[in-house]
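The sequence shown runs contiguously to residue 1176 in this note's numbering.
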Amino acid sequence: VYLRILDPAASSHDAHWTHVVIAQDIAREGKIPAYPAAWAKNFPHLASMVFAWSFLVPGIEFPMRMLLVMHTEFALFLFTLAGVVAAVRWLVGSRTDHGLAWTGFFLFPNIVIYDSDLCASADHVAAFFMLPMCLIVARGIERPERRGAWAAGGLLMGAALSTKLQCA
């Protein structure tokens, strides 16, 4: 997974036409722009807002900016893997068997089935929010009086939905 993101040209078609373009426009204009002719770009794009940080770094060329974007996605992917471990531990109920927790990667093979790599897209950024959201909502269901769990679950739902519309 990591070796592929060392090539700035490893980004996907979706990234070049949507996510990176929005990030560049946010960095250039200093605000979230409107796209009158491109309706798909007018939906919320939290991933592009995060990727815009890479385009705000002064004095570097576009290939290095793409490497920063892909490394940002990689960092979020690593945190998502930690979420898989937590989710498997919650599902199985084991707190000591760490080897079993890594099998969760094979229970959620989206990285292998869907696009097989990190490619500066919003999919893995949206995945970053999904498992914590499910775990927090499950905690809220277990104890309905815990309003903080419901609030945190709602925030994570909003973050996932504003990252990628397909999260709905």
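Glycine included, each C-beta is placed from N, C-alpha and C at the ideal position.
Backbone secondary structure at residue i - three-state DSSP
i: Ala1130; result: coil
i: Arg1151; result: coil
i: Ala1176; result: coil
i: Ile1040; result: coil
i: Phe1051; result: coil
i: Val1009; result: coil
i: Asp1033; result: helix
Nearest residue (CA-CA) to residue i, options the options
i: Gly1162; options: Ile1030, Leu1173, Ile1144; result: Ile1144
i: Val1077; options: Arg1147, Ala1060, Ile1040, Ala1134; result: Ala1060
i: His1053; options: Pro1066, Leu1064, Lys1039, Val1065; result: Lys1039
Buried/exposed call for residue i, threshold 16 Cβ in 10 Å
i: Pro1140; result: buried
i: Leu1011; result: exposed
i: Leu1084; result: buried
i: Arg1073; result: buried
i: Lys1172; result: buried
i: Asp1033; result: buried
i: His1132; result: buried
i: Leu1086; result: exposed
Residue span of the alpha helix (DSSP H) that contains residue i, given as start and end
i: Trp1098; result: 1070-1100
i: Phe1059; result: 1054-1063
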